[in-house]
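Throughout the sequence shown, residue numbering follows this note's numbering, covering 2 to 391 in sequence. The beta carbon of each residue, even a glycine, is placed where N, CA and C say it ideally should be.
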Amino acid sequence: KPLTVEAASVELRSLTDDTQAVGSLRSRRGVMLRPEISGRITQLNFTDGQRVRKGQTLVQFDDQLPLAQVQQSLAELSIAQANQSRNQELVAQNFVSQRSLDESAANLQVAQAKLALAKVTAARLKIVAPFDGIVGIRQVNVGDYLKDGADVVNLEDIDAVFVDFRLPERFQSRVRRGQTAMVDIDALPGRRYAAQIQAIDPLIDANGRSVGVRGCIDNRQLQLRPGMFARVNAVFEVRKDARMIPEEAIVPQGGKQYVIKLLDDPSVTATSAPSHKVTQRVEVKVGLRSPGWVEILAGLLAGDTVITSGQQRVQQDGTRVAVVDAAGAARPPVAGSSAAGIPGSTISAALAGPNPCGALAASITRSAPRSALLAAPLLLMPLSSPSNPG
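Structure follows, in structure tokens:
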């Protein structure tokens, strides 16, 4: 009587080669605005949380004295220019010596330098925005006297935000600029963001044996804030047609991996005993693993059938077996399966206009558990989706 076994076929599935990490969000550009010289504030030309433009004057200090010094320097320059012009004419007529002309030329240069210094000093009595961004909460008021270097207000450019995280050093040869990382934010449940890897630290941290990685997220909707905690799923590769079998089909022995493959039994006909098979032990080369599944790199082809339960009773090749439940019970989706089966998950279209990160970065709304979405490489698809016409 044939042995009864359970079996499953080699399936072609999408498989994601990835790893998880944690990190923090940072502004693409951020600066604490501080005065270069001491002075008293006369104007604050912004409100807390306001968007400002590059070159916009944000803080004006009392500049009456520096402006008066500019006027004084202008007058002194005018006198020096007149003296220089007069001495040039007198030297030509031999009425004064060449030394007098040289002295007037030197005085002219001194006057020009004093004017330039006065203008620079006056210009430094205001703080302008160095780039487009959003100001934070100011720490000063009109009338405050500030010393040079005192904190005034922070300015953040968050149209794009960086996500900084670290990966174990074994991944340093696999992470590349331009790869995609999917980011979950604990403070924003139900959203997922695509980050484009933009920089990899050339140094390995000697203490933690890890490498720093920076990704960029399109944040023109201003949903993300610097300092947020991020959970990062770094995607190295997506294999669309990986050969996958249930992990219980693997039989390790002597440092190698085997499966018991099922072949048609030549002693019976397909109509008389379609579930009767004969066994053949096959060595396989395994690749990536995911919960409940393992990738087969060599040894099996798509559609081959392997035993998943009852291998211990098969002692030799050619053993006759009867397959029960050949189709297999319903199994959980393998990591890398399509997101189409996740109820309620939708992909939001990319924003119109140039992306501040240089590539489309879509966010994904979902109602399914995070564990289910982490297993879906087709979530990378919105990176090439068309712009939202609205």
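Contact check between the segment 57-71 and the segment 190-199: fewer than three CB pairs, one atom from each, fall below 8 Å, which does not count as touching. Here DSSP, grouped into helix, strand and coil, assigns aspartate 64 to coil. The criterion of a C-beta distance shorter than 7 Å is satisfied by glutamate 7 and threonine 309. In this structure, leucine 109 sits away from glutamine 89, with a CB-CB distance that is not shorter than 7 Å. Within the same chain, Cβ atoms closer than 8 Å to the Cβ of arginine 29 are found at Asp158, Ile159, Asp160, Ala161, Val162, Phe163, Cys217 and Pro357, the five residues on either side in sequence being excluded.
In the DSSP annotation of this structure, the continuous segment of the alpha helix (DSSP H) that includes threonine 122 starts and ends at 99-124.
Taken through DSSP and simplified to helix, strand or coil, glutamate 296 comes out as strand. Within the same chain, and ignoring the five residues on either side of valine 236 in sequence, the residues whose Cβ sits closer than 8 Å to its Cβ are Thr17, Asp18, Asp19, Gln180, Thr181, Ala182, Met183, Pro378 and Leu381.
Apart from sequence neighbours up to five positions away, the residues of its chain that approach glutamine 44 with a beta-carbon distance below 6 Å are Gln61, ordered along the chain.
Going by DSSP, glutamate 12 is part of the beta strand (DSSP E) stretching over 12-34.
Per DSSP, the beta-bridge partners of leucine 156 are Val32 and Val136. DSSP places glutamate 37 in the coil class of the three-state scheme, outside both helix and strand. For lysine 2, no beta strand (DSSP E) run applies, since DSSP gives it neither H nor E. For glutamate 248, no beta strand (DSSP E) encloses it, and the DSSP letter there is neither H nor E.
For a cut-off of 8 Å, the C-beta gap from alanine 117 to leucine 156 is around 28 Å, too long to register as a contact. The residues Pro36, Glu37, Ile38 and Ser39, in chain order, have a CB closer than 7 Å to that of aspartate 149 in the same chain once the five nearest residues on each side in sequence are set aside. Here alanine 235 is bridged, per DSSP, to Thr20 and Ala182. Here the C-alpha atom of alanine 303 lies approximately 39 Å from the C-alpha atom of aspartate 187. Excluding five sequence positions before and after aspartate 64, the CB atoms of its chain that fall closer than 6 Å to its own CB belong to Ala123 and Leu126, given in chain order. Annotation for glutamine 281: the continuous beta strand (DSSP E) segment containing it runs 277-291.
Taking 7 Å as the cut-off, the beta carbon of glycine 293 is found no closer than this to the beta carbon of glutamate 238.
Rounded to whole angstroms, the separation of the alpha carbons of leucine 26 and arginine 226 is 7 Å.
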